[in-house]
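Data first, discussion second: the structure below is written as structure tokens.
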Amino acid sequence: RYCAMEINNIELLAKLLKESNEDECDEELDYERPKVSPYMTPGAIGGSSSAKATEVNDNQRSSSKDIWQIKEAPVMVQNDHYDPRPSPEYNIKFKQSVAAEDVFLGMGVKSPATSSCEEIVVDIILPGTVFKDINLDVTETFLDCRTPDYKLGLHLPHKVDHINGKAKWIKEEDKLEVTLKLTREYDFLNFEKT
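Count along the sequence shown starting at 1, add 35, and that's the number in our numbering.
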């Protein structure tokens, strides 16, 4: 008898909460509720994307022959799949500046994790290459290194300051050392001064 009464109370409470939540949601939220069908697919989530794609204004176009404006096109990196040159050997290392309190006392805010690193160092081994033959191009997210014998297209793991980077040729090791400052979104939290 106790269980039957408890279930009845729970059903009444659920009905009461359901009615009050529907009223609050209708007043507070300004969106169209999705229509539920018995044949729900992953493509039905998020609404129709064709309506968003056709919202481009025609008088924003610079010429009648243009398909899209420059700002609408994503930045794509050219990757030559048909280039027969091999990719050189490379290593990616993270670098951080530490003081005695970070290493020995553990009083600093830095940790051994890559989130505490300020720079990324890419070592590219280019055997038999002369410095004048190296062509290096770095963007925020991509490093492109080309020589007559090698090509390397490398997507970087984090955004970098590509304007203030440094490259150093180490002739004895046939190695190009590229040092780039990381520019991640939440670095102000990791490097906050105490």
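Ideal Cβ placement from N, Cα and C applies to all residues, glycine included.
Residue closest to residue 203, alpha-carbon to alpha-carbon, out of 121, 212, 190, 173: 212
Contact set for residue 183: own chain, Cβ-Cβ below 7 Å, skip 5 residues either direction: 168
Buried/exposed call for residue 123, threshold 16 Cβ in 10 Å: buried
Pairwise C-alpha distance: residue 146 and residue 170: 36 Å
Straight-line gap, residue 192 to residue 162 (C-alpha atoms, nearest Å): 25 Å
Residue(s) in a DSSP beta bridge with residue 173: 178
Residues near residue 130 in its chain [Cβ-Cβ closer than 8 Å; skip 5 each side]: 152, 153, 154, 155, 156, 214
Member of 159, 52, 138 whose CA lies at the smallest distance from the CA of residue 209: 159
Per DSSP, the bridge partner or partners of residue 203: 212
Unbroken stretches of the beta strand (DSSP E), 3 residues or longer, contained in the stretch 120-177: 124-130, 154-160, 170-173
Coarse secondary structure for residue 186, derived from DSSP in three states: strand
Beta-carbon gap between residue 125 and residue 217 smaller than 8 Å: no
Which of helix, strand or coil DSSP assigns to residue 191: coil
Option nearest residue 150 by Cα separation, candidates 221, 44, 52, 50: 221
Per-residue DSSP class, three states only, for residue 118: coil
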